[in-house]
Amino acid sequence: MEKKVSRICLASEPDIIHFLQITWEKTLGSGFVITLTDGQSAWTGTVSESAISQEADDMAMEKEKYVDELRKALVSGAGPADAYKFNFSKESCHFSFEKNLKDVSFRLGSFNLEQVASPAEVIRELVCDCLDTIAENQAKNEHLRKENERLLRDWNDVQGRFEKCVSAKEAVETDLYKRFILVLNEKKAKIRNLHKLLSEVQELEKNIEHERETTACSEMTADRDTNYDESTDEEGEALPDPSVLARATLKRDDSIISSPDVKDIAPSRKKRQRMQKNLGAKPEMVPQESQPQGKEI
Numbered sequence: 357m358e359k360k361v362s363r364i365c366l367a368s369e370p371d372i373i374h375f376l377q378i379t380w381e382k383t384l385g386s387g388f389v390i391t392l393t394d395g396q397s398a399w400t401g402t403v404s405e406s407a408i409s410q411e412a413d414d415m416a417m418e419k420e421k422y423v424d425e426l427r428k429a430l431v432s433g434a435g436p437a438d439a440y441k442f443n444f445s446k447e448s449c450h451f452s453f454e455k456n457l458k459d460v461s462f463r464l465g466s467f468n469l470e471q472v473a474s475p476a477e478v479i480r481e482l483v484c485d486c487l488d489t490i491a492e493n494q495a496k497n498e499h500l501r502k503e504n505e506r507l508l509r510d511w512n513d514v515q516g517r518f519e520k521c522v523s524a525k526e527a528v529e530t531d532l533y534k535r536f537i538l539v540l541n542e543k544k545a546k547i548r549n550l551h552k553l554l555s556e557v558q559e560l561e562k563n564i565e566h567e568r569e570t571t572a573c574s575e576m577t578a579d580r581d582t583n584y585d586e587s588t589d590e591e592g593e594a595l596p597d598p599s600v601l602a603r604a605t606l607k608r609d610d611s612i613i614s615s616p617d618v619k620d621i622a623p624s625r626k627k628r629q630r631m632q633k634n635l636g637a638k639p640e641m642v643p644q645e646s647q648p649q650g651k652e653i
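Under our numbering, the first residue of the sequence shown carries the number 357, and numbering increases by one thereafter.
This is how it looks when you write it as structure tokens:
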């Protein structure tokens with residue numbers, strides 16, 4: 357069973373402090389017992405689950421939301437002091453409470469209470485419950501204090517180890533940085549040496565290439581000179597001897613003249629020359645009639 361005691365002020369008696377105790381078994385929505393006292397008299401009543409459902413229906417609210425509003429008003433005391441307004445009539449023993457929203461207020465619930473015949477017993481139980489609650493809260497506070505001290509020690513221990521790890525990390529980073537600088541400088545020196553060697557090799561290759569080109573040009577010039585001399589010699593060797601050519605020509609003419617297949621045309625040529633001299637003049641042209649064309653003799 358859970359109990360909650362709160363201090364309230366009634367609208368009809370704002371100067372008198374009243375104490376309100378709510379007791380429930382399982383949940384607040386399953387029903388609870390309400391007890392009200394001013395330190396001299398006491399009133400009590402039981403609110404059933406059906407009454408809570410009826411109040412929620414009258415307000416057109418869901419039951420879960422209505423129960424949450426009841427908890428805020430009667431148990432937890434959430435919100436400012438003037439968020440809720442409590443009314444109680446000692447003549448009719450009618451208890452009601454409202455919720456204030458700016459300039460508007462609406463009723464959350466109303467219950468009928470009964471006056472207790474022996475209020476001292478109720479007040480004694482109320483005080484005992486308050487003391488038990490105080491003792492329980494003190495025990496919780498002590499447990500929380502010890503737990504906080506333990507967590508603080510653990511945190512200090514973790515912080516010390518963390519600082520050591522940070523120091524070790526910084527030392528390792530410094531050492532690695534120094535080694536890195538050494539390796540980097542060595543690599544830079546090697547790279548500079550390699551660049552120097554590469555430049556020397558490239559210069560040497562350029563010189564070799566230049567020498568090769570010069571040698572090739574010299575060889576090509578020598579080859580052209582040699583080829584020119586050889587062609588001149590061959591042309592000189594190819595020219596025939598004039599005496600040989602004359603003898604060959606005579607032999608060829610003799611062979612042609614002495615050949616039986618060749619006719620001697622010299623007598624007919626001399627005969628034509630004598631005939632032209634004897635005539636001495638150009639013969640007259642006799643007009644000819646149409647003659648049949650013949651073959652040219």
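We put the CB at the ideal spot given by N, CA and C, even for glycine.
- Three or more Cβ pairs drawn from the segment 391-411 and the segment 439-451 lie within less than 8 angstroms of each other, which places the two stretches in contact.
- Residue 422 is not a Cβ neighbour of residue 429, given a cutoff of 7 angstroms.
- Remark: C-beta atoms of residue 444 and residue 376 do not approach each other more closely than 7 angstroms.
- Within the segment 422-472, the runs of beta strand (DSSP E) that reach at least 3 residues and sit entirely inside it are, in chain order, 440-445, 450-457 and 460-468.
- With contact defined as three or more Cβ pairs closer than 8 angstroms, the segment 460-475 and the segment 386-399 are in contact.
- In the three-state scheme derived from DSSP, where H, G and I count as helix and E and B as strand, residue 419 is classed as helix.
- In its chain, beyond the 5 residues on either side, 384 have a beta carbon closer than 6 angstroms to the beta carbon of residue 427.
- In the three-state DSSP reduction, residue 396 falls in the coil class, being neither helix nor strand.
- Secondary structure at residue 359: strand, using DSSP grouped into helix, strand and coil.
- Shown here, residue 387 sits in coil according to DSSP, grouped into three states, outside any helix or strand.
- In the three-state reduction of the DSSP assignment, residue 372 falls in the coil class, being assigned neither a helical nor a strand state.
- Taking the Cα positions, residue 543 is about 10 angstroms away from residue 549.
- In this model, residue 522 and residue 503 are separated by some 28 angstroms (Cα to Cα).
- Annotated as distal: residue 374 and residue 390, with beta-carbon spacing of 7 angstroms or more.
- In the DSSP assignment, residue 404 falls outside any alpha helix (DSSP H) and carries neither an H nor an E.
- Within a 10 Å sphere around the beta-carbon of residue 482 sit 16 or more other beta-carbons, which makes this residue buried.
- Residue environment: residue 560 is assigned as exposed (fewer than 16 neighbouring CB atoms within 10 Å of its CB, all protein chains considered).
- Here residue 386 is near residue 405, since their CB atoms are less than 7 angstroms apart.
- Taking C-alpha positions only, residue 511 is separated from residue 425 by approximately 41 angstroms.
- Between the alpha carbons of residue 470 and residue 379 lies a gap of roughly 16 angstroms.
- Each residue's CA atom was taken as its position, placing residue 360 and residue 507 some 31 angstroms apart.
- In this structure, the CA atom of residue 484 is about 43 angstroms from the CA atom of residue 513.
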